[in-house]
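Chemist: Offset between the sequence shown (1-based) and the numbering used here: plus 142. Note that beta-carbon positions come from the ideal geometry of N, C-alpha and C, so glycine has one too. Just so you know, these numbers come straight off a predicted model, no measurement behind them.
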Amino acid sequence: MLSARSLAVMSHRERKLQQSAETSIALEAFINSLRLDTFFQLSGEEQEERLASIDAVELFAALRDVNRELAIARLENHFLIDFLEKNDPKLLIGLQQRKSRQMSQIFTGRAQKDTTGLSIASSGGRTRGSLTKSVTMSTYTIYNQKKTAMDYKLNFRAKADMAEKTANEVEKRVHEIERAAAKEIKILRGHMEEIHYMYEETRETTKIFQLHFMRDDKDLAFLNTATEKQLERKIRKFVNNWLKNARALLSTMRLRITALHEHCQQLRNELLTKADLSGILTSVDFEKLMIKRTELVNALEEKNTHMAGLKGVTGKASLSMSEEKQVMMNIEEESKQLNNKTLDVIKTISKLEKEANQVELENDKDLEILNNLKVQLERYEAPSVHDYIGKKDEVLVLEKEEKMLKRKIYILEMKLDNTQRKCKRRISSRILPGEYIK
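1) Which stretch, first to last residue, makes up the alpha helix (DSSP H) that contains Gln183?
2) Return yes when the Cβ of Met304 is within less than 8 Å of the Cβ of Leu212, no when it is not.
3) Could you compute how far the alpha carbon of Met432 sits from the alpha carbon of Arg396?
4) By the three-class DSSP mapping on this structure, what secondary structure does Thr369 have?
5) Could you give the distance in angstroms between the alpha-carbon of Leu554 and the alpha-carbon of Lys566?
6) DSSP on Glu523, reduced to helix/strand/coil?
7) For Ile337, which of helix, strand or coil comes out of DSSP?
8) Answer with buried or exposed for Leu201, where buried requires no fewer than 16 other C-beta atoms within 10 angstroms of its C-beta.
9) When we look at the beta-carbon of Ala194 and count the other beta-carbons within 10 Å, is it buried (16 or more) or exposed?
10) Run the proximity test for Phe364: is its beta-carbon closer than 7 Å to any non-hydrogen atom belonging to the ligand GTP?
11) Which of the three DSSP states is assigned to Ile581 in this structure?
12) Give the C-beta separation of Ser464 and Glu335 to the nearest angstrom, bearing in mind that I take them to be a contact with Cβ-Cβ under 8 Å.
13) Just to check my reading of the structure: Leu339 and Gly451 have Cβ atoms closer than 8 Å, yes? What is that Cβ distance to the nearest angstrom?
14) My assumption, with CB atoms under 8 Å, is that Arg192 sits in contact with Phe181. Please give the rounded CB distance.
15) Can you give me the Cβ contacts of Lys379 inside the same chain, cut-off strictly under 6 Å, excluding the 5 residues immediately before and after it?
16) Rounded to whole angstroms, what's the CA-CA distance from Val312 to Ala323? Just pull it up for me.
17) Kindly list the residues whose CB is nearer than 6 Å to the CB of Arg563, restricted to its own chain and excluding five residues on each side of it in sequence; keep chain order.
The structure is reproduced here in C-alpha cells:
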C-alpha cells in the first residue's frame with residue numbers, strides 16, 4: 143500500500159515539476175521578448191510604440207503566472223523554515239543575512255511599485271499605451287522580487303531530511319488511520335448484521351401477514367372479487383385475533399408483574415426483619431450475602447451470555463430457514479418448469495404418433511396404388527403407331543381448345559370486373575346526393 147502511494151506521490155510531484163518548468167520557461171521567454179533592459183533607455187515615443195505592439199492579455203497572463211509562482215515559492219520557503227526551526231535549526235545557519243537582504247529588496251520593489259502607481263494616478267485618462275506601460279513596470283518589479291526571492295533557498299540536504307521526516311510522520315498517520323478505520327469497519331459490520339436480522343424478521347412478519355389473507359387460491363379469488371365491506375370484515379377478524387393474542391400476552395405480563403411485586407414485598411419484609419435483627423447480625427452474615435451476590439451476578443452474566451448465544455443461534459437459524467425457503471421456492475419453480483416441459487413432450491409425442499399413423503395409412507394406400515399399377519403394367523398392351531399419332535392429334539386439338547377457353551374466361555372476368563366497378567360507381571353516385579340532401 144505504501145509503495146503504491148509513494149509512487150503516486152512521486153509521479154504527481156514529477157508532473158508538477160514539469161508544469162512549473164514549462165511555465166517558468168514560457169515566462170522567461172516572454173520577459174526576454176519584452177527587453178526590459180533596453181526599454182528604459184528609450185525615449186517616451188519609442189516606449190509608447192513598443193508598448194502599443196505588446197498585447198495586454200499576454201501581459202495580464204504573465205502577471206498572473208508570476209504572482210502564482212511567487213506565492214508558491216514564498217509558501218514553500220515559509221513551510222521549510224518553519225519545519226526546520228522546529229526540528230533542526232542548525233540547518234538555518236547563514237540564512238538570516240539572506241533574509242534581511244531579501245526584505246530590503248522587497249521594500250525597494252514596493253517603493254518602485256508605489257512610484258509607478260502614482261504615475262498611473264496622475265495620468266488618469268491615458269490611452270492603451272500608458273496602461274500597458276504600467277503593467278510592464280509592475281511585471282518588472284515582480285520579476286526583480288522573484289529574483290530576490292529565488293536567492294533565498296535551502297540546500298537539497300535539508301529538503302531531503304525534511305522529506306524523510308514528513309514521510310515517517312505520514313506513515314505513522316496512515317497506520318493510525320488504518321487502525322481507526324478497522325475499528326469503525328467492525329462496528330459498522332455489527333450494525334449491518336443487526337439490520338440484516340431486523341430485515342429478515344420484518345420480512346417474515348410481512349409474509350405471515352400476506353399468508354393470513356392469501357392461504358389458498360380461493361383467498362386470491364375472494365380478494366379479487368370482494369367488496370369493501372367484505373374486506374373490512376376480514377381485516378376486523380384479523381385485528382380482533384391480534385388483539386386477543388395481545389391481551390393474552392398482557393395478562394401473562396401482568397401475572398408476572400404481580401408475582402414480581404409479591405417477591406419484592408417478601409424481600410422487603412426480609413430486609414425489615416434483618417434490619418430489626420441488625421444488632422444480632424455479624425460480619426459472617428455479610429460475607430454470606432456478598433457470596434450470594436457474587437453467585438447471583440455470575441448466574442445473571444451466564445444467563446445474559448446464554449441469551450446472547452440463543453439470539454445469535456436464532457438469527458442464524460432464521461437466515462438458514464430463509465435461504466432454505468428460497469431454495470425450496472427455486473426447486474418448486476424448476477419442478478413446475480419440468481412438468482410443463484414433460485406435458486409439452488407428451489403432446490408432441492401424441493402428435494407424432496398421430497402423424498405416424500397417418501403416414502402408415504398413406505403408405506398402405508400408396509402400396510395399393512402401386513400394386514394396381516403393377517397389375518395394369520403386367521396386363522398392358524402397347525398401341526400401334528397410327529393409334530398413337532391419332533391420339534396425339536386429339537390431344538393437341540384439345541390443348542388448343544383449352545387455351546381458347548382460358549382466354550375467353552379471362553376476357554369474361556375482365557368484363558365482369560368492369561361491370562362491377564361501374565355498378566359500384568353508380569350506386570355511390572346515387573347515395574351521395576341523398577346524403578347531401580339530408
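Modeler: Result, derived from the coordinates:
1) Looking at the DSSP string, Gln183 is not in any alpha helix (DSSP H), and its letter there is neither H nor E.
2) No; because the gap between Cβ atoms is not below 8 Å, this pair is not in contact.
3) So the two alpha carbons sit approximately 32 Å from each other.
4) In the structure shown, Thr369 sits in coil (DSSP, three-state: anything other than H, G, I, E or B).
5) Cα to Cα, the separation comes out at about 18 Å.
6) Looking at Glu523 - three-state DSSP - the assignment turns out to be coil, as it is neither helix nor strand.
7) Of the three classes helix, strand and coil, the one that applies to Ile337 here is helix, per DSSP.
8) It counts as buried.
9) Ala194 comes out exposed.
10) Annotation note on the ligand GTP: not contained in the displayed structure, which lists no ligands.
11) Because the chain is modelled from 143 through 580, residue 581 falls outside the range shown and cannot be assessed.
12) Contact check for Ser464 and Glu335: beta-carbon distance about 14 Å, past the 8 Å limit, so the pair fails to qualify.
13) Per the sequence shown, residue 339 should be read as Tyr rather than Leu. Actually they are not in contact, since the Cβ atoms of Tyr339 and Gly451 sit about 14 Å apart, beyond 8 Å.
14) The beta-carbon distance between Arg192 and Phe181, rounded to whole angstroms, is 7 Å. This is short enough to meet the 8 Å contact definition.
15) Its chain contains no residue whose beta carbon lies nearer than 6 Å to that of Lys379 once the 5 sequence neighbours on both sides are disregarded.
16) Each residue's Cα considered, the two are about 16 Å apart.
17) Annotation for Arg563: no residue places its beta carbon closer than 6 Å to its own, counting only its chain and skipping 5 residues before and after.
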